[in-house]
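Single-structure report; data block below.
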Amino acid sequence: MIQRKQVIPGDVIAKGTYRYGSNIEKRGDEYIALRVGLAEVGTDGLKLNPLTGPYLPRAEDEVIGKVADINGFGWVVDINSCFDGFLPASFVFGREFSPATHDLSSKFALGDMIGARIESYERSRDPQLSIRGHGYGKIESGEIIKISPTKVPRLIGRRGAMINMISEKTGCDIRVGQNGVVVVNGPPEGLVKTAKAIKIVEEEAHSADLMAKIEAYLGGTEVGK
Amino acid sequence: MKKNYVVETIRKAQMVQLLVEGKRMDERALDQHRPLKIETGIIQKANGSARVTLGNTQVIAGVKIATGTPFPDTPDKGLLVVNAEILPMSSPYAEPGPPSEEAIELARVVDRGIRESEMVDLTKLCLIPGKSVVTVFVDCNIMNVDGNLFDATSYAVVSALRTAKMKKYIVKDDKVEATDDIVPVPVERTPVSVTMARIGDRLIVDPNAEEEASMDMRVTITTDDDGNVCASQKGEASTISPAHVLEAVDTSIKVGKEIRKMILEAVK
């Protein structure tokens, strides 16, 4: 049985021996919360989901960013975080990349949205991005919606249940970045519904029957089927 | 680090598309400003002060009044100096250090509107010609940046000056003395500045940060109570057509009237 409780920094979440994740520190045999949020005490370990906070990059995360600057070696990408992502030109043009022959802005111009994967991140350097792989690269169209990065897991739901439901009911194609940037494509009336549904998820992320609430809100509006 | 705010390309395309239809992203009309809130008397130790909230843009202005020597070319006029500072916490793109080009332009444009409308009667601030005059310093702090700092700052300065009180100075035996009497600053008029941005071929009033980042050209026009244009400033690289100049003047007089009413209501 998973126990949930609200914690503030300094609160003791549990005593004993547990596995524990980020935002938790072990002192002696006490596990201390480092953030304001919901702590989960399960049989196998401790988890602390912060209520607010910036996006903290993690390797292998899929993010959606905006080209904020271009320099000779690559693109500086705003990934809605306290750190700027960097997409090296050699990851895009290949090993033969040379600043003299390749025009970076012809590939991604200032303000372009790109779907990318965090290639590597450690504290001493800005996160490095990569667009290698299926589905990554420039995002050509869509409505941009930003939500708090801490609410992203709720929006996706258990194995994508929430996002798939919204997508099915509205007939929209929804792409969620782990950094809280969401891009929605679809029919105009579906876009409005989707945007509203996403806002509800963000605002009521703490409520237990969120899935039912969203289903009720979207109920009967199957578009594009 | 990021130097300037860049609008997402796909969002800008949507914005341009909507403007062609005469609509804006935040559902405002083209000549509609954001909700304006003016609070006065927020700093107790200042002679006058105001906080203006225009949408998410927030500015605080404070007035400090003292005596000093006049400029040699205007020996019979008081001093009026408007300064503005964009605080580092106001936006992710603001940096600490010496004032940016942007902040200097802001202070100059706001100062020019107040000065050229002859809002403050500077001749009444002269105590001993050539030797001693009343000095009025208005300092503005930009608390939050969401576009159109020009207008927000201008309204804050006007409201602060309108509510400013100073000690009555008298001249006795060729010496200036401050009395305990409190008098208002000699304010004659209420200049209102209206900033418009051009995106494509549409002029929009009170651009927010997103619109400012996409604009081709910006123009600020200050009008006084009688609808006279007293100052203007054009910014950004692109040009302005004669038709747009006339449209901008008309719009600034019309919108200026509404805003003047709000300012006068707030400073009552």
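In order, the protein sequences belong to chains H and E. Just so you know, we're using this note's numbering here: the first sequence kicks off at 105 and counts up by one. Just so you know, we're using this note's numbering here: the second sequence kicks off at 5 and counts up by one. Positions of the beta carbon are idealized from the N, C-alpha and C atoms, including for glycine. Since the structure is predicted, the reported quantities are computational estimates derived from the model, not experimental observations.
- A Cβ-Cβ contact shorter than 7 Å links Gly82 of chain E with Leu129 of chain E.
- Pairing Gly151 of chain E with Ala50 of chain E gives a Cβ-Cβ distance that is not under 7 Å.
- By the CB criterion at 7 Å, Val286 of chain H and Val280 of chain H fall inside the cutoff.
- Annotation note: the segment 211 to 253 of chain E contains the following uninterrupted beta strand (DSSP E) runs of length 3 or greater, listed N- to C-terminal: 221 to 227, 233 to 239.
- A straight-line Cα-Cα distance of about 30 Å links Phe212 of chain H and Thr274 of chain H.
- Rounded to the nearest whole angstrom, the C-alpha separation of Arg258 of chain H and Gly219 of chain H is 20 Å.
- Taking a beta-carbon distance threshold of 7 Å, Ser185 of chain H does not count as an interface residue toward chain E.
- In terms of Cα proximity to Val137 of chain E, the closest of E:Gly72, E:Asp230, E:Ile46, E:Tyr97 is E:Gly72.
- Per the C-alpha coordinates, the member of E:Pro190, E:Val187, E:Lys171, E:Ser218 positioned closest to Glu181 of chain E is E:Lys171.
- Of the other Cβ atoms in all chains shown, fewer than 16 fall within 10 Å of the Cβ of Ser245 of chain H; this residue is therefore exposed.
- For the pair Gly264 of chain H and Tyr122 of chain H, the Cα-to-Cα distance works out to about 28 Å.
- In the three-state reduction of the DSSP assignment, Gly132 of chain H falls in the coil class.
- DSSP, read as helix, strand or coil, puts Ala168 of chain E in coil.
- The DSSP-derived three-state label of Asp155 of chain E is helix.
- Within chain E, no residue has its beta carbon less than 7 Å from that of Lys303 of chain H; the closest one is some 16 Å off.
- Taking every protein chain shown into account, the CB of Thr227 of chain E has 16 or more other CB atoms within 10 angstroms, so this residue is buried.
- DSSP places Tyr321 of chain H in the uninterrupted alpha helix (DSSP H) bounded by 314 to 322.
- A contact between stretches requires three or more CB pairs, one per stretch, nearer than 8 Å, and the segment 25 to 33 of chain E fails this requirement with the segment 223 to 231 of chain H.
- Approximately 17 Å separates the beta-carbon atoms of Val196 of chain H and Ile168 of chain H; this is outside 8 Å, ruling out the contact.
- Listed along chain H, the residues sitting closer than 8 Å to Lys16 of chain E by beta-carbon distance are Gly215.
- Judged by DSSP secondary structure, Ser53 of chain E falls within the beta strand (DSSP E) whose first and last residues are 52 to 58.
- Interface criterion met: the Cβ of Ser245 of chain H is under 7 Å from a Cβ in chain E.
- The continuous alpha helix (DSSP H) containing Pro257 of chain H extends over residues 256 to 260.
- Under the three-state reduction of DSSP output, Thr147 of chain H falls in the coil class, being neither helix nor strand.
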